[in-house]
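Participant:
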Amino acid sequence: MKKEMINTNQSSAVRVGFQSQYAWLLMIAITLFTFLPADVAWGHGERMHSPALRMRSIQFYDVTWEGAGDMKVGDQVTMEGMIYFPSKEYWPDTMKVPDVGYLQTSGPAAVFAKVESYIAETPMVQSGGLQLGSTYTFKIVMQARIPGKWHMHPTVQVTGSGPIVGPGEWTNVTGAMGDASISGFAGQAKEVVIDDLGSYSVGNIVGWHTVWFILGIVWLLYWVRRPSLLPRYRAINEGVDKHLLITGADKKMGVMMLVVTLVLVIGGALNADSTHNTVLPLQTGNVPLTPLEMEETNLVLKGIKSVYNVPKRTMSMEFSIENRGDKPVKVGEFATAGIRFVMAPATLGGAAGQALQDSITGYPEEYIREVLAVKDGNTSAILPGESRRITLVAADAVWEIQNLSEIVLSPVRRAGGLIFFFDEDGKRLREYIDVSTDVAFN
Amino acid sequence: MANSDAITQALNMSANEEKAYRFFDLIVIPIIVIVLGAAFHLHYMLTAGDWDFWVDWKDRLYWPMISSVSFVIFAAAVQGLLWKIIRMPIGMTTAAIGLIAMEWASRYVNFHMWAYFPLSEVWPATWIAAAIFVDCILLVTGSFLMTALFGAFFLPTIFVLSNYPMLAPFRIPTEVMGTEVTVADWVGFTFQRGGSPEYLRIIESAGMRVLGAETWFISCLFGGFLSIFIYMGWWGISGIAARPYSRANPFAAFMGGEEPDEKDDKITPDAYPLPISNDNK
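Just so you know, the protein sequences line up as chains D and S, in that order.
All residue numbers for the first sequence refer to my numbering, where the first residue is 1 and numbers rise by one.
All residue numbers for the second sequence refer to my numbering, where the first residue is 443 and numbers rise by one.
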């Protein structure tokens, strides 16, 4: 008896007045807090990956978004470009080797439908085999589904490592959700017409779920139509005749439900099997992907070091370059993590300057910074046979905007990226750099 | 919805008593279905989530096995509990109806309305047919062992067969960019999930263990075999819930009450619920 009192009465602090009389204020405050307006989250975490990994893993470049901008539901945007995988010696130790990868986009959920995707012109319905030290072309065609302002990035999902996100472009989709759909054919002889893949067979699904819900509820109501919880609990504890708890009629009902259930289950399955005569398992085969042939640049680039200056928001990158080709070249661009730091095209002049200008025309402004400079001001061409030490300087707030300045706090202080040179004919030559990064605080 | 039946009459209940107990039924039973459904939904989504979320995860190998193992854990405990305390063979159906209702609510509101995934991609599988089947086996046999052997064993089989009419239209071939895949693959390709690439699907792949491609049969057989033992284990565990143990609140003194004495500070098997006998009336 005393135990009961302890459990029910004396343990209740409320009853003996120990609880603050203002506790209800706290409860109201917490409740109201949940109604505070929440701002729209426009991003989807693309800037939150470690800068050491974003700068030193997959490099997207020459990305174009045809059809982006103002769109209507049903309009398509085509993303194309190049994906460069650094070679094994530069690939971050903390990331798994990307043997298998999958091409998709990063963006807010399924607001776009993926219509086509290719790596190296190979359809990427399934994952594909990738190789380090290789360059691949990619193409993704997306169809707008949901009205809104959406940011869309090409993304390579790498097995064991996760998504590596490329640069994104804004789209402003207008219209209504049902204005367009994805349609096609299915079946062995393409006899099934799919008008809208998003609502395909939903009526059938809802129908079968309804059948089973009705049958389940009939079964429950059969039992709970009679006094249920406490009378039956008492009956068990007080030894009432067990035939009152489960009667002969109950057993007959059980047999009938069993028969109805089995007839529906087996009949439904047989009917589905005969209706759909070709039923396949889900497809999982990976496809091999052939990279582009390596382009000989006749340049030998050796990274020396880099320094990130925190207050000046500046990355300085020092390297040596030897021109073993037969044409003079000029440095024009340093690209990393989707950000392009470029020289003023006029600095390169001639065909080289024009080629650089062409490559940045139409590129999203948020990823282009025309701030690249050479530390000693020597922007002259590197002549055939010449070796030179160059320190590139990229000073811009974009280091902080894109969270790349977080390299300061990274356990791996290394920076990487692509350096583009241009010869006098405007031909672009690509080299990869990966160097340790010091941090300067003044 | 009667207030009186042979049981209340055998217990010599007064009309007021019957009415009060019936009122208790009407209040508590809906709460049981909703609370069990919510708890079961949480459990099922954490353990068999992706196989149930996405149409292109409902494969022949893992989907029947993992879904059955996850389902039978909770459903067997609820069935055991309701059988032991009120002798009603409705536990598994109650759990299944609660689960599927919660799944539909989640898929429609969260997946479809909020995240824009089409229903053709995120429809839930049904468990109600399999649950009715096992409940009926329990009723007809009256034996938990027979229910384990002839009910739980067939859980994955009934599960697959009852969902097959919904799944089959998604397993017919189609062509996407010149590659033949199933409609389910096409749906997964088209309405993409962030961070959930194709290679990440844990589904059947062509392997040496496929044994003549009879994957459905093997996975249902093995899933049923596992379900027998898990069913027996959780039926047993439900016995603990049917006869809960309790102890005096050791923190009572900190909450304004009295510290329990040594005699009360013991875990006792019969403290709650109090056995209802004539002495306690």
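Heads up, the beta-carbon is just placed ideally off N, CA and C, and yes, glycines get one too.
With DSSP as the reference, label proline 108 of chain D as helix, strand or coil.
Facilitator: Coil.
Participant: Less than 8 Å between CB atoms is the rule here; does glutamate 238 of chain D satisfy it with respect to chain S?
Facilitator: yes
Participant: Spell out a yes or no on whether the region 143 to 158 of chain D and the region 71 to 80 of chain D are touching, meaning 3 or more CB-CB pairs, one atom from each, closer than 8 Å.
Facilitator: yes
Participant: What's the call for aspartate 712 of chain S, buried or exposed, on a 16-neighbour Cβ count within 10 Å?
Facilitator: Summary for aspartate 712 of chain S: the model assigns pLDDT 48, below 50, so the residue's position carries little reliability, and this model does not support an answer.
Participant: Check distances from the C-beta atoms of the region 216 to 228 of chain D to those of chain S and list, in chain order, the residues that come in under 8 Å.
Facilitator: Gly216, Ile217, Trp219, Leu220, Trp223, Val224, Arg225, Arg226, Pro227, Ser228
Participant: Taking 6 Å as the limit between beta carbons, can you name the residues of its chain near arginine 369 of chain D, skipping five residues before and five after?
Facilitator: Sequence-distant partners of arginine 369 of chain D (beyond 5 residues in either direction) whose C-beta falls short of 6 Å from its own C-beta, in its chain, are Phe341, Asp396, Val398.
Participant: Is the beta carbon of isoleucine 570 of chain S sitting closer than 8 Å to the one on isoleucine 614 of chain S?
Facilitator: no
Participant: Consult DSSP for glutamine 451 of chain S and reduce its assignment to one of helix, strand or coil.
Facilitator: helix
Participant: What residues from chain S crowd round arginine 232 of chain D, counting only those whose CB sits closer than 9 Å?
Facilitator: Ile449, Ile527, Ile528, Arg529, Met530
Participant: Can the beta-carbon of lysine 327 of chain D be found closer than 8 Å to that of alanine 352 of chain D?
Facilitator: no
Participant: Considering just the uninterrupted stretch of the beta strand (DSSP E) at threonine 174 of chain D, what are its terminal residues?
Facilitator: 169 to 174
Participant: Check whether the Cβ of aspartate 721 of chain S lies closer than 8 Å to any Cβ atom in chain D.
Facilitator: Summary for aspartate 721 of chain S: the model assigns pLDDT 46, below 50, so the residue's position carries little reliability; its value from the coordinates is reported in the next sentence. Cβ-Cβ to chain D under 8 Å: no for aspartate 721 of chain S.
Participant: Can you tell me where the beta strand (DSSP E) with proline 163 of chain D in it begins and where it stops?
Facilitator: 162 to 165
Participant: Please confirm whether histidine 276 of chain D has its beta-carbon closer than 8 Å to some beta-carbon of chain S.
Facilitator: yes
Participant: Using 8 Å for Cβ pairs, my map puts valine 435 of chain D next to methionine 317 of chain D. What's the rounded Cβ distance?
Facilitator: Yes, valine 435 of chain D and methionine 317 of chain D are in contact; Cβ-Cβ is about 7 Å, under 8 Å.
Participant: Can the beta-carbon of aspartate 627 of chain S be found less than 8 Å from the beta-carbon of leucine 103 of chain D?
Facilitator: no
Participant: Determine the contact status of valine 514 of chain S and serine 669 of chain S, defining contact as a CB-CB distance below 8 Å.
Facilitator: yes
Participant: Beta carbons nearer than 9 Å to chain S: which residues of the region 312 to 330 of chain D have them?
Facilitator: Flagged: no residues at all.
Participant: Please tell me whether leucine 465 of chain D and phenylalanine 185 of chain D are closer than 8 Å, where the distance is taken between their beta carbons.
Facilitator: Given a span of 1 to 442 for chain D in the structure shown, any question on residue 465 of chain D remains unanswerable.
Participant: In three-state DSSP terms, what is histidine 276 of chain D?
Facilitator: coil
Participant: Between the alpha carbons of valine 263 of chain D and asparagine 277 of chain D, how many angstroms are there, rounded?
Facilitator: 21 Å
Participant: Enumerate, from N- to C-terminal direction, the unbroken alpha helix (DSSP H) stretches of 4 or more residues contained entirely within the region 46 to 85 of chain D.
Facilitator: 51 to 56
Participant: Starting from valine 623 of chain S, follow its DSSP beta bridges and name the residues at the other end.
Facilitator: S/Thr616
Participant: Does the beta carbon of aspartate 241 of chain D come closer than 8 Å to any beta carbon on chain S?
Facilitator: At a cut-off of 8 Å between C-beta atoms, aspartate 241 of chain D counts as an interface residue with respect to chain S.
Participant: Could you tell me which residues DSSP puts in a beta bridge with tryptophan 150 of chain D?
Facilitator: D/Thr171
Participant: Which residues does DSSP pair with glycine 129 of chain D in a beta bridge?
Facilitator: D/Val100, D/Pro288
Participant: Taking the alpha-carbon positions, what's the asparagine 720 of chain S to glycine 681 of chain S distance?
Facilitator: Bear in mind that the predicted position of asparagine 720 of chain S carries a pLDDT of just 45, short of 50, making it too unreliable to give a figure here.
Participant: Using CA atoms only, rank isn't needed, just tell me which of D/Ala346, D/Glu66, D/Val310 is closest to threonine 171 of chain D.
Facilitator: Comparing Cα positions, the closest option is D/Glu66.
Participant: When the distance is taken between beta carbons, is histidine 151 of chain D closer than 8 Å to proline 167 of chain D?
Facilitator: no
Participant: Can you tell me the Cβ-Cβ gap for leucine 245 of chain D and arginine 529 of chain S, rounded? I've got them flagged as a contact below 8 Å.
Facilitator: 4 Å
Participant: In the structure shown, what three-state DSSP assignment does leucine 503 of chain S receive?
Facilitator: coil
Participant: In chain order, what residues of the same chain lie with their CB nearer than 8 Å to the CB of lysine 96 of chain D, ignoring the 5 residues before and after it?
Facilitator: Val158, Thr159, Gly160, Ser161
Participant: Please state whether the Cβ-Cβ distance between phenylalanine 60 of chain D and isoleucine 539 of chain S is less than 8 Å.
Facilitator: No; because the gap between Cβ atoms is not below 8 Å, this pair is not in contact.
Participant: What are the residues in the region 63 to 92 of chain D lying within 9 Å of chain S by C-beta distance?
Facilitator: none
Participant: Less than 8 Å between CB atoms is the rule here; does leucine 244 of chain D satisfy it with respect to chain S?
Facilitator: yes
Participant: My assumption, with CB atoms under 8 Å, is that glycine 81 of chain D sits in contact with phenylalanine 138 of chain D. Please give the rounded CB distance.
Facilitator: 6 Å
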